[in-house]
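>
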Amino acid sequence: SQQGEEDPQALSIQEGENATMNCSYKTSINNLQWYRQNSGRGLVHLILIRSNEREKHSGRLRVTLDTSKKSSSLLITASRAADTASYFCATDAGGAQKLVFGQGTRLTINP
Amino acid sequence: GAGVSQSPSNKVTEKGKDVELRCDPISGHTALYWYRQRLGQGLEFLIYFQGNSAPDKSGLPSDRFSAERTGESVSTLTIQRTQQEDSAVYLCASSPPLEKLFFGSGTQLSVL
Chain A
91 SQQGEEDPQA LSIQEGENAT MNCSYKTSIN NLQWYRQNSG RGLVHLILIR SNEREKHSGR
151 LRVTLDTSKK SSSLLITASR AADTASYFCA TDAGGAQKLV FGQGTRLTIN P
Chain B
252 GAGVSQSPSN KVTEKGKDVE LRCDPISGHT ALYWYRQRLG QGLEFLIYFQ GNSAPDKSGL
312 PSDRFSAERT GESVSTLTIQ RTQQEDSAVY LCASSPPLEK LFFGSGTQLS VL
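Chains as they are written, first to last, in the working numbering: chain A, 91 to 201; chain B, 252 to 363.
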């Protein structure tokens, strides 16, 4: 079974709006990572947040982590058409070093 | 090279044939992963190599799948007696331990 699950599965918003995606996981983690995928090929790393961190920023991206609820959120502010992609969270499952990915959120930004 | 390199980029094979997929990780990265992604789906973990430790093979879907890695360099994923359900993009990634992954562009496998 998947360690991380994203919600919603698909999200469509207007350019300029903010997009929020959520990720829930099942076991304790060392860190949680968010990735973006365009065109169904290689993924690009966005942000890594460690288990002792609660919030992290990178440009228009903001990631939060709530280890008590075993959940994380990715916020993209002032969305652009180029943000259209699939977004995945990944966690080390149960402290093991391997990274397990969720099913992803397909984000569409409408011009 | 500067990034993770996978070959071939595309592979079309007939059902029942064996295929071998190659991954060249970033030099110095001790961790190497293989994932499978079916169309419109998430990434399915297959196998994980970390340095000289025994690989984590818990994600391999059947005994038709195997993977090897020579030290901390190239890895090959072999699928024997391919089936149509094996059609997918196979993604390789490498990283230092517990750090972000760098992905290759993947191999699109089509089994006819």
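Ideal Cβ placement from N, Cα and C applies to all residues, glycine included.
1. Using C-beta distances below 7 Å, list every residue in its chain close to B:L342, excluding the 5 sequence neighbours before and after it, in chain order.
2. What is the C-beta distance between A:I166 and A:A109, in whole angstroms, given that I count them as a contact (C-beta under 8 Å)?
3. Quick one: Cα of B:V362 to Cα of B:R273, how far?
4. Thinking C-beta only, is A:L136 closer than 7 Å to A:R126?
5. Identify, in the order they occur along the chain, each residue of the same chain with its Cβ nearer than 6 Å to the Cβ of B:D275, setting aside the five sequence neighbours on each side.
6. Once the 5 residues before and after B:S317 are set aside, which same chain residues still bring their CB inside 7 Å of it?
7. Looking at the C-beta of A:H147, does it have a partner C-beta in chain B at a distance below 7 Å?
8. Report the CB separation of A:A175 from A:L197 in whole angstroms; it is logged as a contact under 8 Å.
9. So, with DSSP's three-state summary, where would you put A:S91?
10. Can the beta-carbon of A:R140 be found less than 7 Å from the beta-carbon of A:N128?
11. For B:S364, would you say it is in contact with chain A, using Cβ-to-Cβ distances shorter than 7 Å as the test?
12. At 3 residues or longer, and completely inside the segment 275-311 of chain B: list those beta strand (DSSP E) runs for me, N to C.
13. Could you say which of A:G106, A:S114, A:G132, A:N200 lies nearest to A:P98 if we only look at CA atoms?
14. On the CB-based measure, 16 or more other CB atoms within 10 Å of its CB, does B:K266 come out buried or exposed?
15. Give the secondary structure of A:D156 by DSSP, where H, G and I count as helix, E and B as strand, and everything else as coil.
16. Do B:L283 and B:R320 have their beta-carbon atoms positioned less than 7 Å apart in this structure?
17. Return helix, strand or coil for B:Q335, following the three-state DSSP convention.
18. Distance cutoff 7 Å, beta carbons only. Does A:N112 sit that close to anything in chain B?
19. Span of the beta strand (DSSP E) holding A:D182?
20. Return the CA-CA distance between A:D182 and A:R170, expressed in angstroms with no decimal places.
21. Between the Cα of B:T327 and those of B:K351, B:E336, B:Y299, B:S304, spot the shortest distance and give me the residue it belongs to.
22. Give the residues of chain A in contact with B:V270, contact being defined as C-beta atoms less than 7 Å apart.
23. Would a check of beta-carbon distances place A:S91 closer than 7 Å to chain B?
Reading it off the structure:
1. One-based indexing of the second sequence puts residue 342 of chain B at position 91. Cβ within range, chain order: Y286, Q288, L294, F354, G355, G357.
2. Walking along the first sequence from the start, residue 166 of chain A turns up at place 76. Walking along the first sequence from the start, residue 109 of chain A turns up at place 19. Contact between A:I166 and A:A109 holds: their C-beta atoms lie close to 4 Å from each other, under 8 Å.
3. Counted from its first residue, the second sequence places residue 362 of chain B at position 111. Counted from its first residue, the second sequence places residue 273 of chain B at position 22. Taking the straight line joining both Cα atoms gives about 17 Å.
4. By 1-based counting over the first sequence, the position of residue 126 of chain A is 36. By 1-based counting over the first sequence, the position of residue 136 of chain A is 46. Yes, these two residues count as a Cβ contact at 7 Å.
5. Within the second sequence, the letter at position 24 stands for residue 275 of chain B. Closer than 6 Å at the Cβ level, and outside the excluded window around B:D275, lie S256, V325.
6. Taking the first residue of the second sequence as position 1, residue 317 of chain B is located at position 66. Excluding residues within five positions, the ones whose Cβ falls inside 7 Å are T329.
7. Residue numbering aside, residue 147 of chain A sits at position 57 when the first sequence is read from its first letter. No, A:H147 lies away from the interface with chain B (no Cβ there is under 7 Å from its Cβ).
8. Taking the first sequence and counting its residues from 1, the one referred to as residue 175 of chain A is at position 85. Taking the first sequence and counting its residues from 1, the one referred to as residue 197 of chain A is at position 107. 6 Å between Cβ atoms; contact.
9. Taking the first sequence and counting its residues from 1, one reaches residue 91 of chain A at position 1. With a pLDDT of 44 at A:S91, under the threshold of 50, the modelled position of this residue cannot be trusted; read the value that follows with caution. It is coil, neither helix nor strand.
10. Stepping through the first sequence from its first residue, residue 140 of chain A is reached at position 50. Stepping through the first sequence from its first residue, residue 128 of chain A is reached at position 38. Going by C-beta atoms, A:R140 is not nearer than 7 Å to A:N128.
11. With chain B covering 252 to 363 only, the question about residue 364 of chain B has no answer from this structure.
12. 282-288, 295-301
13. Looking up residue 98 of chain A in the first sequence gives position 8. Here the closest residue by C-alpha is A:S114.
14. By 1-based counting over the second sequence, the position of residue 266 of chain B is 15. Classification for B:K266: exposed.
15. For the purposes of this step, residue 156 of chain A is taken as residue 66 along the first sequence, with counting starting at 1. It is a strand residue.
16. Here the question's residue 320 of chain B lines up with position 69 in the second sequence. Here the question's residue 283 of chain B lines up with position 32 in the second sequence. Their beta carbons are under 7 Å apart, which means B:R320 touches B:L283 by this criterion.
17. Residue 335 of chain B sits at position 84 when you count from the first residue of the second sequence. Note: B:Q335 maps to helix in three-state DSSP.
18. Here the question's residue 112 of chain A lines up with position 22 in the first sequence. At a cut-off of 7 Å between C-beta atoms, A:N112 does not count as an interface residue with respect to chain B.
19. Here residue 182 of chain A refers to the residue found at position 92 when the first sequence is read from its first residue. Counting along the chain, the beta strand (DSSP E) containing A:D182 begins and ends at 175-182.
20. Locating residue 182 of chain A in the first sequence gives position 92, where the first residue counts as 1. Locating residue 170 of chain A in the first sequence gives position 80, where the first residue counts as 1. Roughly 30 Å between the two C-alpha positions.
21. Taking the first residue of the second sequence as position 1, residue 327 of chain B is located at position 76. For the residues B:K351, B:E336, B:Y299, B:S304, the minimum Cα distance to B:T327 belongs to B:Y299.
22. In the second sequence, residue 270 of chain B corresponds to position 19, counting from 1. What B:V270 touches in chain A: nothing, since even the nearest Cβ is about 18 Å away.
23. Looking up residue 91 of chain A in the first sequence gives position 1. In this prediction, A:S91 scores a pLDDT of 44, lower than 50, which makes its location untrustworthy; no coordinate-derived value is stated.
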